[in-house]
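Trainee:
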């Protein structure tokens, strides 16, 4: 155990289980040098098991050396799965690791892209914790990470500062150490705070940095919409585990991409891209950001509810972008057909696989249409039915707020029975047949019977979803349509 205290008694003593020292060199930006002091729980050194291809992480570790007491070298052998087994060293011994993480990840393709892995740019270096740390044990807590970088570079990370010295941070545990991002370079930081929650934007690249105020305005509007909708800031899955901070790294790129690790997001955005590129970039951000509420604050029991986690998040993403003025009604109508309906009907499981089973085995990317599109349409249908049944006095918004009040900050999870019970309660109706047909069954959902409550005709001829307003709408239909577009 490593103990560090500040001057006199003003700074509390922090006991670190392990300590990592990262060195960045502006003249050699293709590697990060790591020196670590680790107290052994066992004889195994390993890297993160997370990510689409975790077996690749050790391939980028070079010059790994382990020293025991007195600087004596420790023998080790590398296993077939990329771990290292130490020999001749006892459990509880403090050892020193030195190695280089070589930033050559972009030389091969990664599922989901490089944005969640590690990369170098003219303006700096990004690394995920998954790609960076060689670890030991399972129960480590309070892990120190210190960063040494050129003075002209900024250090921004998803860990909390330990206040002991500049660029010194504390990871709560090994999960926090791995499920993290670190960016070191000439990036710009934009901070947005609400009620103890901080959204940290890290902007890399001249053109992205030049739009810092625009990014802040859009993000602030989206955050405020979600807080108003749910009734509070995101919270963790249990007492004392509040989500206090989310790091969003946005780097300039010719293409748009994004990946979430833990509570943090890494994205590529193209400031010179088409309006569609701009819209998709912000849609991606708003969708992943809402997962801090619908996915992190509200946690789900298993993949049978992924249609709700992803599809309902799509629904509120659309609402947030519309209510903040980023998109208009015409864009909403276009997205419903071109993005969601087309992928829904073209999904390989359309008509033969139920949305509740489509994500089984974490296979949801292969059934994007059923889960993200079908889940969106199911959410719209349920919202319309609730609004119609209650004269627009209640809606899916109330379902989300009730879930937030009941589950936020608890360690309980939500399952399909909970969802059915909540929509039945709020909607004063019975959605059992709906769930049997459209969620647990393979019947494709059609929007026409539900959108009529908002005064909208839905034509699905020639494999297109064409939505149009009734010529004469009632006041209730107009109000329900406004609610679909995000009016609380």
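Numbering (the numbering used here), first residue to last: 18 to 505.
Even glycine gets a Cβ: it sits at the ideal position worked out from N, Cα and C.
All values reported here derive from a predicted model rather than from experimental measurement.
Measuring straight from C-alpha to C-alpha, what distance separates residue 281 and residue 275?
Mentor: Straight-line Cα distance between these residues: approximately 11 Å.
Trainee: Rounding to the nearest angstrom, what Cα-Cα distance links residue 238 and residue 111 in this structure?
Mentor: Each residue's alpha carbon lies about 49 Å from the other.
Trainee: On the premise that residue 170 lies in contact with residue 1, defined as a C-beta separation below 8 Å, what is that separation, rounded to the nearest angstrom?
Mentor: Residue 1 lies beyond the stretch modelled for the chain, which goes from 18 to 505, so this question has no answer here.
Trainee: According to DSSP, simplified to helix, strand and coil, what is residue 122?
Mentor: Correct three-state label for residue 122: helix.
Trainee: Would you call residue 122 buried or exposed, if buried means 16 or more other Cβ atoms sit within 10 Å of its Cβ?
Mentor: Under this definition residue 122 is a buried residue.
Trainee: What residues in its chain sit with their C-beta under 6 Å from that of residue 196, if we drop five residues either side in the sequence?
Mentor: Closer than 6 Å at the Cβ level, and outside the excluded window around residue 196, lie 278, 279.
Trainee: With residue 79 as the anchor, note down where its beta strand (DSSP E) starts and where it stops.
Mentor: From DSSP, the beta strand (DSSP E) with residue 79 extends over 78–84.
Trainee: Given 8 Å as the limit, is there contact between the segment 427–439 and the segment 321–329, that is, 3 or more CB pairs closer than that?
Mentor: With a cut-off of 8 Å, the segment 321–329 and the segment 427–439 count as touching, because enough Cβ pairs lie within range.
Trainee: Here's the rule: buried if 16 or more other CB atoms are within 10 angstroms of the residue's CB, otherwise exposed. What is residue 365?
Mentor: It is exposed - the Cβ of residue 365 has fewer than 16 other Cβ atoms within 10 Å.
Trainee: CB-CB under 8 Å to residue 80, same chain, minus the five flanking residues each way: which ones, in chain order?
Mentor: For residue 80, where only same-chain residues beyond five positions count, the Cβ hits under 8 Å are 115, 116, 117.
Trainee: What is the DSSP secondary structure of residue 215, counted as helix, strand or coil?
Mentor: If DSSP states are grouped into helix, strand and coil, residue 215 belongs with the strands.
Trainee: Residue 402 to residue 68, Cα distance in whole Å?
Mentor: Rounded to the nearest angstrom, the two C-alpha atoms are 39 Å apart.
Trainee: Quick one: what does DSSP say residue 270 is sitting in, helix, strand or coil?
Mentor: Reduced to three states, the DSSP call for residue 270 is coil.
Trainee: Is it buried or exposed for residue 331, if we count other Cβ within 10 angstroms and need 16 for buried?
Mentor: Label assigned to residue 331: buried.
Trainee: By DSSP's criteria, residue 150 is part of a beta bridge. Which residues make up the other side?
Mentor: Paired residue(s): none; residue 150 is not in a bridge.
Trainee: Run the CB neighbour count on residue 339, radius 10 Å, all protein chains shown included, and call it buried at 16 or more, exposed below.
Mentor: It is buried - the Cβ of residue 339 has at least 16 other Cβ atoms within 10 Å.
Trainee: Mapping DSSP to helix, strand and coil, what is residue 480?
Mentor: Reduced to three states, the DSSP call for residue 480 is helix.
Trainee: Give the range of the alpha helix (DSSP H) segment to which residue 443 is assigned.
Mentor: It spans 433–444 - the alpha helix (DSSP H) in which residue 443 sits, taken as one unbroken run.
Trainee: Which residues does DSSP pair with residue 142 in a beta bridge?
Mentor: For residue 142, which the question treats as bridged, DSSP gives the partners 137, 201.
Trainee: Spell out the partners DSSP gives residue 284 in its beta bridges.
Mentor: According to DSSP, residue 284 bridges with 267, 275.
Trainee: Are the Cβ atoms of residue 138 and residue 59 separated by less than 9 Å?
Mentor: Cβ distance not < 9 Å, so residue 138 and residue 59 don't count as in contact.
Trainee: Whole angstroms is fine: what's the gap from residue 454's alpha carbon to residue 192's?
Mentor: Using only the alpha carbons, I get a separation of about 39 Å.
Trainee: Rank 63, 333, 489 by C-alpha distance to the C-alpha of residue 300 and give the top, closest one.
Mentor: Cα-wise, what sits closest to residue 300 is 333.
Trainee: Under three-state DSSP, which class holds residue 34?
Mentor: Note: residue 34 maps to coil in three-state DSSP.
Trainee: What does the Cβ neighbour count give for residue 479, buried or exposed, with the cut at 16 atoms within 10 Å?
Mentor: So residue 479 ends up on the exposed side.
Trainee: Look at the Cβ atom of residue 51, then the Cβ atom of residue 198, and state whether they are nearer than 9 Å.
Mentor: Contact flag unset, no.
Trainee: So, at 6 Å on beta carbons, what are the nonlocal neighbours of residue 26 in its own chain, with the 5 sequence-adjacent residues on each side left out?
Mentor: Caution applies to residue 26, whose pLDDT of 38 falls short of 50 and renders its modelled position unreliable; the value that the coordinates give is listed next. Correct list: empty, nothing qualifies.
Trainee: Looking at the unbroken beta strand (DSSP E) that takes in residue 358, where does it start and where does it end?
Mentor: Careful: residue 358 lies outside any beta strand (DSSP E) and carries neither H nor E.
Trainee: Excluding the five sequence neighbours on either side, which residues of its own chain have a C-beta within less than 7 Å of the C-beta of residue 464, listed in chain order?
Mentor: Cβ neighbours of residue 464 beyond the five flanking positions: 394, 397, 398, 475.
Trainee: Quick check on the DSSP output: what are the complete alpha helix (DSSP H) runs of length 4 or more inside the segment 312–349, in order along the chain?
Mentor: The qualifying runs are 330–340.
Trainee: In terms of residues, what are the limits of the alpha helix (DSSP H) holding residue 56?
Mentor: It is not in any alpha helix (DSSP H) - residue 56 instead sits in the beta strand (DSSP E) that spans 48–56.
Trainee: When we look at the beta-carbon of residue 53 and count the other beta-carbons within 10 Å, is it buried (16 or more) or exposed?
Mentor: With 16 or more other Cβ atoms within 10 Å, it is buried.
Trainee: Using beta-carbon positions only, say whether residue 335 and residue 417 come within less than 9 Å of one another.
Mentor: Their beta carbons are not under 9 Å apart, which means residue 335 does not touch residue 417 by this criterion.
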